Amino acid sequence: MEKNKSKIYLDYAATTPVDPEVFEVMKPYFSEKYGNASSVHLFGQEAQSAVIKARHQVADFLGCKAEEIIFTSGATEGNNTVIKGIGGNKDLAKKVGGKPHIIVSKIEHECVLGSSERLEYEGVAEVTYLPITEEGSVDVEELRNNIKPNTVLVSVMYVNNEIGSIQPIEEIGSLLKNLNRERKNKIYFHTDAAQAVNYLDCDVQKLGVDLMTISAHKIYGPKGVGALFVRQGTALARFMDGGEQEFKLRAGTHNSPGIVGMGAAIEKAKNQKSKAEDIENMRNKLIAGIQDKISGAFLNGSREKRIANNVNFRFDGVEGESIIIALDLEGIAVSTGSACAAKSLSPSHVLLALGLNHLETHSSVRFSLGRYTTGQEIDRVLDVLPKIIEKLRNISGNLESTASVERGQLPKDFGC
Amino acid sequence: MYTDKVIEHFQKPHNLGKMKDPSAVGEVGNPVCGDLMRIYLKVKKDKKGDQVIDDIKFETLGCVAAIATSSMVTEMAKGKTFSEALKIKFSDVEKSLGSLPPVKKHCADLAVKALQAAITNYQKSA
């Protein structure tokens with residue numbers, strides 16, 4: 001793949017470039033094989049075959065039946081569908097005999113938390129937001145202790161997008177399987193596996209999940225398409241009403257080029273084991289290099305239970321947005337959990353859940369590696385970053401440690 | 001997102017650093033986004049007997065806008081009398097930098113407040 005030599009992309013957790021082979025496979029479905037996959041004529045049949053093929057590719061990867069895969073517009077839609085479709089399922093609520101209860105971890109993606117908050121706000125469901133350990137993962141015993149007779153759903157992401165922590169999905173699956181044997185109301189188990197597909201075993205039987213969300217643009221596929229695994233028999237209320245596509249679970253004309261891209265991307269993800277090892281080695285080099293060259297640098301999240309491509313550090317005495325802009329001016333793209341870089345000016349909920357205080361969340365930077373990352377890129381970062389941190393520490397004069405300020409209220413009239 | 005002028009002040013801040021034996025120091029902080037700014041003043045009396053900011057320096061822990069606005073406010077305040085310096089508004093700082101994204105306007109306000117805090121502290125101790 002042709003790369004712009006002066007730019008280094010280390011934000012693969014945010015999104016990935018479409019793999020050139022995947023792009024080739026998608027192309028015909030824009031202007032040649034453009035039929036609506038629901039149409040009866042030849043044009044439609046052509047598109048439908050492609051959708052069916054992609055469905056099989058995804059099902060094969062996840063170890064489930066093709067009819068258990070529905071295509072969506074991405075992980076945000078998938079997660080909304082699950083939380084609202086189960087937590088807000090009126091039939092399920094009747095069965096449970098009252099307000100259903102759902103459990104989500106505190107570090108879920110905003111779309112899971114936002115959907116859960118909406119259910120709470122509308123008085124539709126009770127929600128428990130499970131805290132995490134210092135290692136960045138849910139404690140299975142704590143989860144067990146929060147389960148109630150009216151619990152209908154547990155949603156815990158497989159890998160956290162910010163700190164890369166790997167959650168005990170198989171363990172939770174096992175726990176819920178055992179509990180469900182003796183329960184009147186089944187607890188459905190969902191995992192958002194968007195960040196896991198590239199690196200971990202996502203076999204839904206092994207993990208014991210009833211629902212799984214995945215996203216194409218995290219795995220070198222196109223943006224705007226994802227897939228949701230829905231185990232047969234799951235009480236999922238439809239989110240997108242309309243036509244009868246996707247086994248009547250998700251209406252809408254099929255995004256055939258996107259779906260074809262999703263299928264091709266996930267098929268390619270099967271053969272990436274050695275690449276994943278390379279990525280992990282480069283990641284380890286980056287972690288060790290930062291710890292070696294920069295004082296006051298602390299890894300956020302677990303060192304061991306960490307996904308192969310994630311690095312997240314906080315740097316004492318420096319603010320995150322200034323680090324990422326300084327890196328951007330050097331052609332290096334990364335992201336931060338600092339409030340200053342967020343449109344809402346609120347700090348990362350993940351870092352807060354980890355136990356960091358506001359100033360600590362303020363100074364964190366995430367580097368996420370990927371398929372096209374090279375050793376030279378890591379070397380360049382290790383060359384440039386220490387100088388940036390030193391310069392910014394010079395500008396702050398170690399203000400953090402000696403500051404005796406009175407923190408006033410944030411003025412409300414500045415469009416913040 | 002940021003104008004060239006903001007980036008210029010970020011990469012080459014004016015009046016940066018600690019001051020030896022400052023006449024006064026002002027410090028302000030923002031709890032939500034976490035920016036911290038400190039301004040040092042060296043004050044002299046001019047011929048009319050007004051207090052003048054003879055020298056000014058700053059240190060900032062914050063985002064690009066925080067660094068740029070504190071750098072700019074020191075440039076605007078240097079050599080001014082107290083009454084002139086106290087007239088500087090956040091919109092003046094923003095204008096001198098071209099413009100700031102809406103979510104960053106509060107940084108300009110914080111910089112102005114840091115300057116005002118330094119002046120107030122001088123007046124208190126005088």
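Which chain is which? The protein sequence lines are P and Z, in order. The numbering of the first sequence is this note's numbering, which starts it at 1 and goes up by one. The numbering of the second sequence is this note's numbering, which starts it at 1 and goes up by one. Where a beta carbon is used, it is the ideal one built from N, C-alpha and C, also for glycine. A quick note: this is a predicted structure, and the numbers were derived from the prediction, not measured.
CB contact below 8 angstroms: residue i versus chain P
{"i": "Ile-39 (chain Z)", "result": "no"}
{"i": "Lys-89 (chain Z)", "result": "no"}
{"i": "Gly-98 (chain Z)", "result": "no"}
{"i": "Thr-81 (chain Z)", "result": "no"}
{"i": "Thr-120 (chain Z)", "result": "no"}
{"i": "Ile-56 (chain Z)", "result": "no"}
{"i": "Ile-53 (chain Z)", "result": "no"}
Min CB distance residue i to chain Z below 8 angstroms
{"i": "Ser-396 (chain P)", "result": "yes"}
{"i": "Glu-362 (chain P)", "result": "Looking at the sequence itself, residue 362 (chain P) is His, so the reference to Glu does not match. Taking Cβ atoms only, chain Z reaches closer than 8 angstroms to His-362 (chain P), which makes this a yes."}
{"i": "Cys-340 (chain P)", "result": "yes"}
{"i": "Gly-331 (chain P)", "result": "no"}
{"i": "Leu-356 (chain P)", "result": "no"}
{"i": "Lys-343 (chain P)", "result": "yes"}
{"i": "Ser-6 (chain P)", "result": "no"}
{"i": "Glu-321 (chain P)", "result": "yes"}
{"i": "Met-157 (chain P)", "result": "no"}
{"i": "Val-405 (chain P)", "result": "Note on Val-405 (chain P): pLDDT 41, under 50, position unreliable in the model; the coordinate value appears next. By this cut-off, Val-405 (chain P) is an interface position."}
{"i": "Pro-411 (chain P)", "result": "Note that Pro-411 (chain P) has pLDDT 38, beneath the 50 cutoff, so the model's placement of it is unreliable and the number below is only indicative. Interface residue, yes."}
Cβ distance (whole Å) where residue i is taken to contact residue j below 8 angstroms
{"i": "Leu-36 (chain Z)", "j": "Gly-62 (chain Z)", "result": "7 angstroms"}
{"i": "Ser-335 (chain P)", "j": "Arg-380 (chain P)", "result": "The pair is not a contact, with the Cβ atoms about 18 angstroms apart (cut-off 8 angstroms)."}
{"i": "Lys-84 (chain P)", "j": "Leu-113 (chain P)", "result": "With 8 angstroms as the limit, Lys-84 (chain P) and Leu-113 (chain P) do not qualify as a contact, their Cβ atoms being about 13 angstroms apart."}
{"i": "Lys-268 (chain P)", "j": "Asp-60 (chain P)", "result": "So it is not a contact: roughly 13 angstroms between Cβ atoms."}
Close-in-space but distant-in-sequence residues of the same chain around residue i (CB under 7 angstroms, 5 per side omitted)
{"i": "Glu-94 (chain Z)", "result": "Leu-100, Lys-105, Ala-108"}
{"i": "Asn-255 (chain P)", "result": "Gly-224, Val-225"}
{"i": "Asn-146 (chain P)", "result": "Ile-103, Thr-128, Leu-130"}
{"i": "Ile-378 (chain P)", "result": "Met-282, Lys-285, Leu-286"}
{"i": "Lys-53 (chain P)", "result": "Gly-263"}
Per-residue contacts from residue i into chain P (C-beta, under 7 angstroms)
{"i": "Pro-13 (chain Z)", "result": "Ile-395"}
{"i": "Lys-18 (chain Z)", "result": "Gly-397"}
Contacts of residue i in chain Z (Cβ-Cβ under 8 angstroms)
{"i": "Leu-359 (chain P)", "result": "Gly-34"}
{"i": "Gly-317 (chain P)", "result": "Leu-61"}
Residues near residue i in its chain [Cβ-Cβ closer than 8 angstroms; skip 5 each side]
{"i": "Asp-210 (chain P)", "result": "Tyr-188, Phe-189, His-190, Val-230, Arg-231, Thr-234"}
{"i": "Pro-411 (chain P)", "result": "Its pLDDT being 38, under 50, Pro-411 (chain P) is placed unreliably by the model, and the measurement read from it follows with that caveat. None."}
{"i": "Lys-275 (chain P)", "result": "Arg-371"}
{"i": "Pro-257 (chain P)", "result": "Met-26, Lys-27, Tyr-29, Phe-30, Pro-222"}
{"i": "Glu-142 (chain P)", "result": "Leu-130, Pro-131"}
{"i": "Thr-151 (chain P)", "result": "Pro-100, His-101, Ile-102, Ile-103, Asn-185, Ile-187"}
Straight-line gap, residue i to residue j (C-alpha atoms, nearest Å)
{"i": "Gly-337 (chain P)", "j": "Lys-95 (chain P)", "result": "41 angstroms"}
{"i": "Ala-111 (chain Z)", "j": "Lys-391 (chain P)", "result": "20 angstroms"}
{"i": "Ile-279 (chain P)", "j": "Val-58 (chain P)", "result": "24 angstroms"}
{"i": "Ile-307 (chain P)", "j": "Ser-137 (chain P)", "result": "12 angstroms"}
{"i": "Glu-321 (chain P)", "j": "Phe-10 (chain Z)", "result": "12 angstroms"}
{"i": "Lys-343 (chain P)", "j": "Pro-102 (chain Z)", "result": "10 angstroms"}
{"i": "Arg-144 (chain P)", "j": "Arg-181 (chain P)", "result": "15 angstroms"}
{"i": "Val-40 (chain P)", "j": "Ser-215 (chain P)", "result": "29 angstroms"}
{"i": "Gln-116 (chain Z)", "j": "Thr-16 (chain P)", "result": "47 angstroms"}
{"i": "Ala-341 (chain P)", "j": "Glu-134 (chain P)", "result": "24 angstroms"}
{"i": "Glu-2 (chain P)", "j": "Ala-326 (chain P)", "result": "Any answer about Glu-2 (chain P) is weak, because its pLDDT of 47 lies below 50 and its placement is not dependable; what the coordinates show is given next. So the two alpha carbons sit approximately 25 angstroms from each other."}
{"i": "Tyr-220 (chain P)", "j": "Gly-74 (chain P)", "result": "13 angstroms"}
{"i": "Gly-419 (chain P)", "j": "Gly-98 (chain P)", "result": "Because chain P is modelled from 1 through 416, residue 419 (chain P) falls outside the range shown and cannot be assessed."}
{"i": "Ile-8 (chain P)", "j": "Gly-243 (chain P)", "result": "44 angstroms"}
{"i": "Ile-53 (chain Z)", "j": "Leu-86 (chain Z)", "result": "11 angstroms"}
{"i": "Gly-301 (chain P)", "j": "Met-19 (chain Z)", "result": "38 angstroms"}
{"i": "Leu-200 (chain P)", "j": "Glu-32 (chain P)", "result": "36 angstroms"}
{"i": "Gln-272 (chain P)", "j": "Tyr-158 (chain P)", "result": "19 angstroms"}
{"i": "Asn-93 (chain P)", "j": "Leu-153 (chain P)", "result": "Correcting the residue type first, residue 93 (chain P) is Ala in the shown sequence and not Asn. Roughly 12 angstroms between the two C-alpha positions."}
Cβ shell of residue i (< 6 angstroms), same chain only, five flanking positions each side left out
{"i": "Ser-396 (chain P)", "result": "Gly-317"}
{"i": "Asn-310 (chain P)", "result": "Gly-164, Ser-368"}
{"i": "Val-384 (chain P)", "result": "Glu-330"}
{"i": "Ser-115 (chain P)", "result": "Asn-80, Ile-83, Lys-84"}
{"i": "Val-405 (chain P)", "result": "In this prediction, Val-405 (chain P) scores a pLDDT of 41, lower than 50, which makes its location untrustworthy; the coordinate-derived value is nonetheless stated afterwards. There are no such residues."}
{"i": "Asn-398 (chain P)", "result": "Gly-317"}
Closer than 9 angstroms at the beta carbon, the chain Z residues around residue i
{"i": "Ile-325 (chain P)", "result": "Met-1, Tyr-2, Ile-7, Phe-10, Cys-63, Val-64"}
Contacts that residue i makes with chain P (C-beta to C-beta distance below 9 angstroms)
{"i": "Glu-75 (chain Z)", "result": "Ordered by position in chain P, no residue passes the 9 angstroms Cβ test against Glu-75 (chain Z), which lies about 15 angstroms from the chain."}
beta-carbon residue i near the ligand FAD non-hydrogen atom, thresh 7 angstroms
{"i": "Ala-237 (chain P)", "result": "In the structure on display, the ligand FAD does not appear, and there are no ligands present to speak of."}
Test: residue i CB closer than 8 angstroms to a CB of chain B
{"i": "Lys-33 (chain P)", "result": "The structure shown has no chain B; the protein chains it does contain are P and Z."}
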